[in-house]
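Residue numbers (my numbering), protein chains in the order written: chain E, 1 to 383; chain R, 1001 to 1383.
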């Protein structure tokens, strides 16, 4: 049932819920691993009940659990726990995102598992990691977005803070976990040994601050939100048009000249305030206002065509409908399909890792129904 | 010079500039790979001149190129190109982020390289990928943020669009590239063959939309920005205090009851509008206004202590200074140090992949000066 990929033959036990852990396991599945999702009996992964739901199938759950098998196990029941232990005998990777301490209370902590399964790679994702003073605190995506600094540098200056619209706290942690897991699989070929990978969502937010830390520590200035403009290239940002907005990037003098002419504002070129990129950066808000007087004369759609013809880097601000319909995104197979017997066709984001050595199928194996693979899994692992 | 890690012995040639490619190679270096950065003679990687600069050293450049070696090569010069080809004979991975077509014009396209070096893993990152109608267009982080949909779901409702404060367009692409590279290294052990990995920054933005695509396609409703609140849990978001803001998460009824009492607003508990989570979600802005009347009586610092004691999930909105000084972040070794002979100590974000099998050193090898390792590299690869 796994798709062809570099991780064919690898068995992943996914004991995780909602987002960070399930997304980790889904990327492994996209790379060809076989993923067995272990869920709580009755309701399963919490995200199975997240709206919108069609004929009992959650779009949220479907989009982060495609390609997996499901078995429902009560880990406080000895018989069910025995089934898990049998699966772990043949598994290569365990993914979990419980609060630190939960696996230990279930008798499934790394210290126990590494003795029984020395080749097992144990990947834990949690809000703050398994060490440190906040380790036991509850965390959610927005908690780590807030504590990790990104909210302090996103938004319009002077306005109340906003959440980044997708759960980058979970998703970044998921990708770092995948990197750790695949590197550990590579390492295991030489050492014969597994390891524990301890991913903290907060750590990953810090790693994603780009240069903000080095910049602050070298300059002493605390970075602030900049709305829709760039700190050191100008013009580079969001501009208002007759009907909506457009992104224009024209930082060097040649692009600036072309841009000023095509938007019908040649007077910008003789303005002392806009002579060079540093001059323009020093007058960023005035330049924006001036450009928007010219841009107000046409719609975004009209400007996009003019800017493309003139060779000026540009972008529309796509909503999700425009993303799903975009020709480039579709040509790259980034909207894939699954077919569910109850919900019908469910479309979702594809796999962005395009490798020349493997196909990138458009139709993917759907997310499993709760406990759907119980019989085949028990037949295979428990005889 | 490499640190100990699962990729010890792997040689990476980093021909990339600025962010997506350099960040990819830095993560590989953090995993123990040896990274040789090939730069243009004279000025090197463009980011060497990005401010702030201390004694000739850019904080930006330093923070995404730690642990690498540098050699300056003019790839249009036959002698220098010969040096690159000699290095590639022993290399495992090539990382580049030129605009599609540039490597081909240099005679270094994948079709040529795979014949000469069948084991080479060639990882390209570009704005739109190497295929599709937009492939040749220039892209910048903000271009793919705009086209990939995230800007359409971030910000306060009705306000002008904002850029996410870090370059997630580049960084997400970098992590997906690392996953592809490490998976290809794993695969190569069995197949003996390299491959090309074609990463598009736009594709990676689509993969990071979380459930927005499936949600839109199942419900037909285009997701909108939600400011600082959560779409389906309430209260969950940003709240104003006497002096700044605080994040409070109290979605279930028990947490809501505790929260209402500790903020001195027990009247919320008898209000029909706030009886259950769905009720609260339907009156999210009224509840926010009511809670903020209570929260206005104390400072954020006071509320943090009260909320922690009461067991209610909370967070401060840290600025970069607070991040750098945070005890959890420091305990997790997420602020590491390098020592540059010219700039002195440069601190930066550490490696969030904490593996039980390897150390996580606090002092890291600094970013190289331009062409610093020319002699040792030529001595090693060209004799």
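Note that the Cβ used here is the ideal one computed from N, Cα and C, for glycine as well.
Only a predicted model underlies this, so the values are computations on that prediction, with no experimental measurement involved.
Check                                                                                                                                                                                         : Outcome
Measuring only the C-alpha atoms, how far is residue 338 (chain E) from residue 348 (chain E)?                                                                                                : 8 Å
For the segment 116-155 of chain E, which segments carrying the alpha helix (DSSP H) assignment without a break, of at least 4 residues, lie completely within its bounds, in sequence order? : 141-147
Rounded to the nearest angstrom, what separates residue 1177 (chain R) and residue 1030 (chain R) at their Cα positions?                                                                      : 15 Å
Would residue 48 (chain E) be called buried (16 or more neighbouring beta carbons within 10 Å of its own) or exposed?                                                                         : buried
Helix, strand or coil for residue 382 (chain E) per DSSP?                                                                                                                                     : coil
What does residue 258 (chain E) touch in chain R if you count any residue whose Cβ is under 7 Å from its own?                                                                                 : Correct list: empty, because the minimum Cβ distance to chain R is about 13 Å.
Along the beta strand (DSSP E) that carries residue 240 (chain E), what are the first and last residues, could you check?                                                                     : 236-240
To the nearest angstrom, report how far apart residue 1344 (chain R) and residue 1011 (chain R) are at their CA atoms.                                                                        : 28 Å
Would you say residue 1131 (chain R) faces chain E, with C-beta separation under 8 Å as the test?                                                                                             : yes
According to DSSP, simplified to helix, strand and coil, what is residue 344 (chain E)?                                                                                                       : strand
Under 8 Å: do the segment 354-373 of chain E and the segment 1235-1253 of chain R share three or more Cβ pairs, one atom per stretch?                                                         : no
So with CB distances below 9 Å, who are the chain E contacts of residue 1002 (chain R)?                                                                                                       : Chain E residues near residue 1002 (chain R): none, gap ~14 Å exceeds 9 Å.
Going by Cα to Cα distance, which pick from R:1027, R:1157, R:1179 and R:1115 is closest to residue 1064 (chain R)?                                                                           : R:1027
DSSP on residue 1196 (chain R), reduced to helix/strand/coil?                                                                                                                                 : strand
Count the other CB atoms, across all protein chains shown, that sit within 10 Å of the CB of residue 363 (chain E); report buried if there are 16 or more and exposed otherwise.              : exposed
Which residues, taken in chain order from the segment 1246-1279 of chain R, show a beta carbon closer than 8 Å to some beta carbon of chain E?                                                : 1247 and 1249
If I measure Cβ to Cβ from residue 141 (chain E) and keep anything under 7 Å in the same chain, skipping five residues before and after, which residues do I get?                             : 167, 169 and 170
Can you give the Cα-Cα distance for residue 1211 (chain R) and residue 112 (chain E), rounded to whole angstroms?                                                                             : 35 Å
Name the chain A residues whose beta carbon is nearer than 9 Å to that of residue 65 (chain E)?                                                                                               : The structure shown has no chain A; the protein chains it does contain are E and R.
What does DSSP give as the partner residue(s) for residue 94 (chain E) in the beta ladder?                                                                                                    : E:13 and E:122
Taking only three categories from DSSP, how would you classify residue 331 (chain E)?                                                                                                         : helix
Taking 8 Å as the CB-CB cut-off, is residue 1193 (chain R) touching chain E?                                                                                                                  : yes
Given 8 Å as the limit, is there contact between the segment 1286-1295 of chain R and the segment 1311-1330 of chain R, that is, 3 or more CB pairs closer than that?                         : no
For a contact defined as C-beta to C-beta under 7 Å, what are the partners of residue 182 (chain E) on chain R?                                                                               : 1179, 1182, 1183 and 1186
In the segment 1188-1217 of chain R, which residues sit with their C-beta less than 8 Å from some C-beta in chain E, listed in chain order?                                                   : 1189, 1191, 1193, 1195, 1196, 1197, 1198, 1199, 1200, 1202, 1203, 1204, 1206, 1207, 1208, 1209, 1210, 1211, 1212, 1213, 1214, 1215, 1216 and 1217
Please compile the residues from chain E whose C-beta is within a distance smaller than 7 Å of the C-beta of residue 1027 (chain R).                                                          : 179
Please report the straight-line C-alpha distance between residue 126 (chain E) and residue 279 (chain E), rounded to a whole angstrom.                                                        : 46 Å
Counting C-beta neighbours from all protein chains within 10 Å, is the total for residue 145 (chain E) 16 or more, i.e. buried, or is it exposed?                                             : buried
Report the residue from R:1036, R:1162, R:1322 and R:1075 whose alpha carbon sits nearest the alpha carbon of residue 237 (chain E).                                                          : R:1162
Are the segment 298-308 of chain E and the segment 1183-1196 of chain R touching by the rule of at least three beta carbon pairs closer than 8 Å?                                             : no
Around the C-beta of residue 1025 (chain R), are 16 or more other C-beta atoms found within 10 angstroms, so that it is buried, or is it exposed?                                             : buried
From the DSSP secondary-structure annotation, give me the bridge partner or partners of residue 1047 (chain R).                                                                               : In DSSP, residue 1047 (chain R) forms no bridge with anything.
Does the Cβ of residue 1205 (chain R) have 16 or more other Cβ atoms within 10 Å, making it buried, or fewer, making it exposed?                                                              : buried
Contact criterion: CB-CB distance below 8 Å. Does residue 1175 (chain R) meet it with respect to chain E?                                                                                     : yes
Identify the residues that DSSP records as bridge partners of residue 72 (chain E): which are they?                                                                                           : E:39
Since residue 179 (chain E) is in the alpha helix (DSSP H), which residue starts that stretch and which ends it?                                                                              : 168-191
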